[in-house]
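First comes the structure, then the notes that go with it.
Residue numbers (our numbering): 249 to 1142.
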């Protein structure tokens, strides 16, 4: 098999990865029920239930990668916001730098952090990282990660529907809440503060309207051209305007007051720009923006961004988030858009314990551009990578073939019936091949447009980028509309007429978790996400030069809805702490129907929806709260657990609640194509009712756990308290059996782990039998190809030389390892480790191996594993290979 590779000798560079779309429909609510436990009932895997599970040959657009030569170095000492000393932290960092230089580790400090995180971002040779971890005063070394600007898909409703879904419209109209007096920071691509909906004059000039009455401050950390992935450096300035569009859309959801009515239309906004007009940011820039938001007095910070699959809670951006939370800042962060990639797919900083991490729910209505055909208005979404869609003109519609047929899917250009002349559009069914291939088939056959239709319920936003470029309009319509057009074509001619403006339609997936919304848990088995909000198909502000208003989808759109809601809560009750805000939202949330089989009375997995859909009427008006917003049970190996909940009643009247349990769908191995189970765990409240005196509190014990007899099933649900005035919930989740019994090294159907060989053209070929001779020139170095099915506690790589008698001896006898890493996330896709032949001695000096025969060994410690327990390690030993470097003593080319 043939894979793309990175030329970087990093433990975490991707070979390949994939993305797809889950299929969802309908809306039902399951009745509450008490659980008795019992064996899990398999309902099917993700792929069997219609999820287009990524395959190793595809590419995951948002799989974050490490930036070569950039590292975050954490040093001893608490940050100042946790009681540390700024001067002591600075000295500790200087000492680490001096010790590194003395050990011949050349590194340049780019940024120093002392307030929310004690460490430095540095530029250094990647090969020296193993040595740096051993320098006195260094507590951890993390890669600087490239964080892609989220690419929300065009979808199109009006935001009034999202506000109505969560009761925001009611607390605005009845309670008069607007967010006035609350400051919300937006760490994103900037905000178009010229936009009238955001307090601007309508003049497109970044030097005008800032600071203003609505966007009252902020800073551009990067400049227009910045792209971390392309190595384009930052060029900061004082004007955090938005040319990318993402941040303005987010800001409008939070606080627009004009054509778009945001959740909190009178909040003060701070704009911290961490993305250029295009491309990616980095976690070192994001850390700087987080620290600045704290210093500038933000009450709420919205972060509609993150590093997917980075699920350990100690990554620096997650650490910084918790520091801000502890210092009174309510952190609201998107859960991520990797839902089709399976479990453990969220990321940092959203995995932070104190953050409010937000899943996405599809909106009730779609506001969409449209065409008319067969006496119907047909909504569509335009394909990314195709030309602009016309707003007038007519085309004769031609069917590529019957639904379900090879001809109808138009994957083979040679099999497509050519257009008979200009003015024709080809109707093509989704399936089998890529959207680009279908569009290219239509283009090559002479059609003037391609009309794609879905092969299952649900909205899809296609991408047709490729080479050669698509030069004709391409749009996607629903399955129902596509089948209706097929019937109309069977009866006669059909004309497709482009229309100006938009049409508003009911969304068939309304109220279901969006197919892209990521799953938890964290690597430490903590429950994430926390809450859900409208994020699928949201109409909001975009930069004036991009049209002023538009629709996008993503957890990026769900998080600002909650950030605005947090501002309303703080306006209503300024004394609330960040934990109080989180608790009020989670206690009063409404559980959501399972999106994959919505008519079967099941509830969406708790580790995908959290407490449920935000209910602002309940959050603002509840007089009762449960101190514990969620319960994370960890692994089940230790048996049942008794959890004590403390129920507070702040009202002037006694409150009595019926105690119950609701259960969500459970998920099992493998993470990338999870099995789904009807698997109620054991949940036994200590009482059927609980009475809480006025102005007092009462404790309630609940026994929680499972007896499935299987390892690795993530189960959970909600403890429910149902009263005359309030209904409260506390979500819980756990993993059955033994976490460390689960296989981490996954073969991916291709025999991974494996030795790999460069093909000389930027790709890696698997070489399971070994025997290759590496020149260590121009990327011809040994590769280890692997896939982590679960997060990894520790990775260790050792090289052994093979003598004439076939005996193996470590090439680095004083240290043993040639490389190591801690707290690595689940793989987004198969990855490669490239060894350039170098290693560090105990005195931290570097050496390069001589020519000869070698093997490589990869050991991984399972998540939360005991390094002293051999059963908690997995090991792969490569076949033998040969190094024959024509310039021995020099590391392999990188």
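Glycine included, each C-beta is placed from N, C-alpha and C at the ideal position. In this text, all values refer to a predicted model and were calculated from it rather than measured experimentally.
| message | Under DSSP, the alpha helix (DSSP H) around residue 683 begins and ends at which residues? | response | 683-692
Report the CB separation of residue 426 from residue 781 in whole angstroms; it is logged as a contact under 8 Å.
Actually they do not touch by this definition, with Cβ atoms about 18 Å apart.
Practice item. Could you tell me if the beta carbon of residue 482 falls within a distance shorter than 8 Å of some heavy atom in the ligand FMN? Key: With respect to the ligand FMN, the structure shown offers nothing to examine, as it has no ligands at all.
Worksheet item: Among the residues of its own chain, which have a CB less than 7 Å from the CB of residue 384, if the five just before and after it don't count?
Response: 347
**Message:** With H, G and I counted as helix, E and B as strand and the rest as coil, what does DSSP make of residue 1133?
**Reply:** coil
Practice prompt. Determine, using beta-carbon pairs with one atom in the stretch 1035-1047 and one in the stretch 1097-1115, whether at least three such pairs fall under 8 Å.
Written response: yes
When you compare only the Cα positions, how much space is there between residue 892 and residue 823?
26 Å
Cβ shell of residue 934 (< 8 Å), same chain only, five flanking positions each side left out: 948, 949, 950, 951
>> Using CA atoms only, rank isn't needed, just tell me which of 682, 724, 715 is closest to residue 701.
In response: 724
I need the boundaries of the alpha helix (DSSP H) containing residue 603, first residue and last residue. Here residue 603 belongs to no alpha helix (DSSP H), and DSSP marks it neither H nor E.
Given a cut-off of 9 Å on the beta-carbon distance, is the pair residue 1035 and residue 1001 in contact? yes
Which residue's Cα is closest to the Cα of residue 913: 842, 550, 899? 842
query = What is the DSSP secondary structure of residue 259, counted as helix, strand or coil?
reply = Any reading at residue 259 must be qualified, since the residue scores a pLDDT of 37, below 50, and its modelled position is unreliable; the value itself is stated next. In this structure, residue 259 counts as coil in the three-state DSSP scheme.
Using the three-state DSSP reduction, which class does residue 896 fall into: helix, strand or coil?
strand
Checklist entry - So, do the stretch 574-594 and the stretch 615-630 have three or more beta carbon pairs nearer to each other than 8 Å? => result no
- Check each candidate in 387, 351, 355 and name the one with the smallest Cα separation from residue 367. 387
Considering only C-alpha positions, which residue in the set 956, 901, 916 is nearest to residue 941? 901
| query | Between the Cα of residue 652 and the Cα atoms of 1087, 364, 730, which residue gives the shortest distance? | reply | 730
**Q.** Bounding residues of the alpha helix (DSSP H) (the contiguous stretch that carries residue 379)
**A.** 377-380
* How would you call residue 812, buried or exposed, if buried means at least 16 neighbouring beta carbons within 10 angstroms? -> buried
- prompt: With a CB to CB cut of under 6 Å and the five nearest residues on each side skipped, what residues in its chain are close to residue 569?
  reply: 579, 597, 600, 603
Note the first and the last residue of the continuous beta strand (DSSP E) segment covering residue 627. 624-627
Checklist entry - Measuring CB to CB, does residue 921 end up less than 9 Å from residue 877? => result no
Any C-beta of chain C sitting closer than 9 Å to the C-beta of residue 1057?
-> Of the protein chains in this structure there is only one, and it is not chain C.
What did DSSP end up calling residue 411 once you bin it into helix, strand or coil?
helix
Could you tell me the alpha carbon to alpha carbon distance between residue 621 and residue 803, rounded to whole angstroms? 33 Å
Checklist line | Buried or exposed (CB count within 10 angstroms, at least 16 for buried), residue 793 | finding: exposed
Nearest to residue 1089 by CA position, among 332, 358, 315, 382, is which residue? 382
In chain order, what residues of the same chain lie with their CB nearer than 8 Å to the CB of residue 1100, ignoring the 5 residues before and after it? 1049, 1050, 1130, 1131
Terminal residues of the alpha helix (DSSP H) in which residue 747 lies:
Residue 747 -> not in any alpha helix (DSSP H); beta strand (DSSP E) instead, spanning 743-754.
What does the Cβ neighbour count give for residue 1178, buried or exposed, with the cut at 16 atoms within 10 Å? The question about residue 1178 has no answer here: the residues shown for the chain are numbered 249 through 1142.
Residue 746 to residue 640, Cα distance in whole Å?
5 Å
Check: For residue 551, which residues does DSSP report across the bridge?
Finding: 581
Mind checking whether residue 689 and residue 675 have CB atoms under 9 Å apart? no
Practice prompt. Count the C-beta pairs between the stretch 996-1013 and the stretch 965-981 that are closer than 8 Å, then say yes if the count reaches three, no if not.
Written response: no
If residue 501 and residue 809 are in contact, beta carbons under 8 Å, what's the gap, nearest whole angstrom?
6 Å
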